[in-house]
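Just so we're aligned: 2 in the numbering used here is position 20 of the sequence shown, and the numbers increase by one with no gaps anywhere.
Note that beta-carbon positions come from the ideal geometry of N, C-alpha and C, so glycine has one too.
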Amino acid sequence: MSCWALVPVKARGTAKQRLATVLDATARSTLMHAMVQHVLEVLGQCAVIERIAVVTPDRERLPESVHWLADAGREVNRELRAALDSLAALGVSRIALVSADLPLLAAGEVGALVAASAAGKIALAPDRHGTGTNALALSLPIAFQPQFGPDSLVRHVAEAAKLGVEAVLVERPGLAFDVDEPEDLTILRARGDPRFALPP
């Protein structure tokens, strides 16, 4: 089984706009970079992940070992669908698609996500509110259409059902906690992790 990780990363200056009321553009960029680095490090430590691909407009600041897929500026789900096709063409047989803003992510959680996608299933990691999707794992090739955006979890489950594929939920703390809203930032700051320290 050839399992790659796929991480979508927005262009610098466009990420985390919902934090604009509490962080300026420089602080948002710094936070996002720290979270991306954490996610890439965790994926690099995960035994089931053979290689990491990143979909982003600019390769700058990415490790040389990462396989870069240029973001052409289309809607995010179209970009991700194109990325799945590109990786399938390379012979990749399984993908763990992981959000870039998971500061508590652990390697074992990624392993659990991938394991849950065995036997042709689609594994979905809900966010802590139970409405969004922070990660998913599936076999390639597949006609699955990513459904990221508001209420993506129910739409991903419906997409799996449309394809006649079983969807399995994988609920783990590090997969569930993403940083989108000011209250998420408050929770992250309370942990006191120096990697994500920002001005108050």
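Status (buried if at least 16 other CB within 10 Å, exposed otherwise) for residue i
{"i": "Asp40", "result": "exposed"}
{"i": "Lys144", "result": "exposed"}
{"i": "Ser47", "result": "exposed"}
Close beta carbons around residue i, own chain, < 7 Å, minus the five adjacent residues each side
{"i": "Leu167", "result": "Leu1, Val4, Val161"}
Reduced DSSP secondary structure (H/G/I, E/B, other) of residue i
{"i": "Ala125", "result": "coil"}
{"i": "Pro45", "result": "coil"}
{"i": "Leu135", "result": "helix"}
{"i": "Ala101", "result": "helix"}
{"i": "Val80", "result": "strand"}
{"i": "Ala179", "result": "coil"}
The beta strand (DSSP E) enclosing residue i, as first and last residue numbers
{"i": "Leu106", "result": "104 to 108"}
{"i": "Val(-9)", "result": "Per DSSP, Val(-9) belongs to no beta strand (DSSP E) and is neither H nor E."}
{"i": "Leu151", "result": "149 to 151"}
First and last residue of the uninterrupted alpha helix (DSSP H) at residue i
{"i": "Ile169", "result": "164 to 172"}
{"i": "Leu157", "result": "155 to 158"}
Contact set for residue i: own chain, Cβ-Cβ below 8 Å, skip 5 residues either direction
{"i": "Met17", "result": "Ala82, Asp83, Leu84, Pro85, Val161, Phe178"}
{"i": "Val58", "result": "Pro(-10), Pro128, Phe130, Gly131"}
{"i": "Ala(-7)", "result": "Thr38, Pro39, Asp40, Asp53"}
Test: residue i CB closer than 9 Å to a CB of chain B
{"i": "Ala70", "result": "The chain labelled as chain B is not found in the depicted structure, where only one protein chain is given."}
Could I get the ranges of all uninterrupted beta strand (DSSP E) runs contained in the stretch 1 to 74, with 3 residues as the minimum, in chain order? 33 to 38, 49 to 52
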